[in-house]
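Asker: Here's a structure for you.
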Amino acid sequence: MRTYIKFSLFIVLAFLSSCTDVIDVPVQEGPTRLVVEASLDWEKGTQGNIQTIKLSESTAFFDTNTQTAVTSANVIVTNDSSGANFIFEHQSNGEYLTTNFEPILGQSYTLQISYNGEIFSATETMTGVTEITDVFQDREDGFEDDVLEVHVIFTDPPEEGNNYLFKFQRRGDLLPELEEADDEFVNGNEIDWWYEIEENEDENVLPFQPDDIVDIEMYGVSRAYYNYIDILIDQIGGVGLFEATPVAVKGNCINTTNADSYAFGYFRLSEVVRTSYTFIED
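Here the sequence shown stands for residues -20 to -1, 1 to 262, numbered as in mature numbering (1 follows the signal peptide of the UniProt record, and there is no 0).
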């Protein structure tokens, strides 16, 4: 019997060891597209005259090439009312810079990018944001009991249709966390927006601890951008049963030369307030 068992194990091991052929699965690749990172952010209390737009090209999913910066485009932003043009000069790394931008709340602007014989255009309005009135910590409102969370207090303006983008980043973490909000059910009221970090042992992620510092940014955004970022956040954060089906999310940058060759990314103009909070023993 022992001989039979040993012989059977030998056959199984031989079969498994022979199943080592590499199977190449062809992956469909889409066309290379222009990627536009054009968020013109006006921090409260500043002139907002220095602004940067970054251009690159998309790559295949498994492509390890990191040299995708677009270095030969012409980039102009125009005030749609006055006709004033703001030329963004290339900085030799895919970034285009202007030092004389004039942000005006409620004003419409148009971005125009000339690249590879094609014209890309997008129009958006500079959207304001209210002030943050208080920031504090607590342990009562989060999804996890006794876990520290940070609370951001602000009063929503009485005008309906205000939309917000929040960016939270604990110092030392690689990436920020994005959250979107609107005033559909809280218009004109004081709002308490809280944020916590859920523990993830597999990825060595810990909740907030005393002495942690979190940087907080709150942006006013248009409804169109709110809808856009809402889809992106769903795709990034979906898990298991609630995982979103990945789709190509189109921004507002239209190729006026060839509609099928649209760009990825978004042209956004936002007023932003920034603050930080240091957690303490409680």
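Here a beta-carbon is modelled for each residue, glycine too, at the ideal position from N, C-alpha and C.
(1) In terms of DSSP beta bridges, what is Tyr257 paired with?
(2) Assuming Phe146 and Glu159 are in contact, meaning their beta carbons sit under 8 Å apart, how far apart are those beta carbons, in whole angstroms?
(3) Three or more C-beta pairs closer than 8 Å, one from the stretch 165 to 184 and one from the stretch 120 to 134: is that the case here?
(4) Just to confirm, is the Cβ distance from Asp29 to Glu98 under 9 Å?
(5) What does a CB cutoff of less than 6 Å around Gln71 pick up in its chain, not counting 5 residues either side in sequence?
(6) Looking at the strands, I want to know which residues DSSP matches up with Asn96.
(7) Under the three-state reduction of DSSP, which class applies to Arg150: helix, strand or coil?
(8) For Leu155, which residues of its own chain have a beta-carbon under 8 Å away from its beta-carbon, when the five flanking residues on both sides are left out?
(9) Quick check on Thr(-18): buried or exposed, where buried means 16 or more other Cβ atoms within 10 Å of its Cβ?
(10) Buried or exposed for Ala53, going by 16 or more other Cβ atoms inside 10 Å?
(11) To which residues does DSSP link Glu69 through a beta bridge?
(12) On the three-state DSSP scale, how would you describe Tyr208?
(13) Return the Cβ separation of Gly200 and Tyr246 in integer angstroms, given the expectation that the two are a contact with Cβ distance under 8 Å.
(14) Measuring straight from C-alpha to C-alpha, what distance separates Val229 and Glu261?
(15) Roughly how many angstroms separate the alpha carbons of Val13 and Tyr205, rounded to a whole number?
(16) Can you find a heavy atom of the ligand FMN that lies under 8 Å from the Cβ of Thr26?
(17) To which residues does DSSP link Lys34 through a beta bridge?
(18) DSSP three-state label for Ile177, please.
(19) Asp118 lies in the beta strand (DSSP E); which residues open and close that run?
(20) Buried or exposed, going by whether 16 or more other CB atoms sit within 10 Å of the CB of Val57?
(21) Three-state secondary structure (DSSP) at Ile56?
(22) Can you tell me whether Thr26 is buried or exposed, with buried defined as 16 or more other CB within 10 angstroms of its CB?
(23) Can you tell me whether DSSP reads Asp162 as helix, strand or coil?
(24) Is Val127 closer than 9 Å to Arg119 when the C-beta atoms are compared?
Answerer: Inspection of the coordinates gives the following:
(1) Val194
(2) 5 Å
(3) yes
(4) This sequence places Asn at residue 29; Asp is not what is there. In this structure, Glu98 does not lie closer than 9 Å to Asn29 by Cβ.
(5) Leu77
(6) Asn96 pairs with nothing; no bridge assigned.
(7) strand
(8) Gln149
(9) Its pLDDT being 40, under 50, Thr(-18) is placed unreliably in this model, and the value from its coordinates should be taken loosely. Thr(-18) comes out exposed.
(10) buried
(11) Leu77
(12) helix
(13) Their Cβ separation, rounded to whole angstroms, is 15 Å, which puts Gly200 and Tyr246 out of contact at 8 Å.
(14) 43 Å
(15) The residue you asked about is not Val; residue 13 is Arg in the sequence shown. Straight-line Cα distance between these residues: approximately 20 Å.
(16) You won't find the ligand FMN in this model; it holds no ligand whatsoever.
(17) Glu17, Glu75
(18) coil
(19) 112 to 118
(20) buried
(21) strand
(22) exposed
(23) strand
(24) yes
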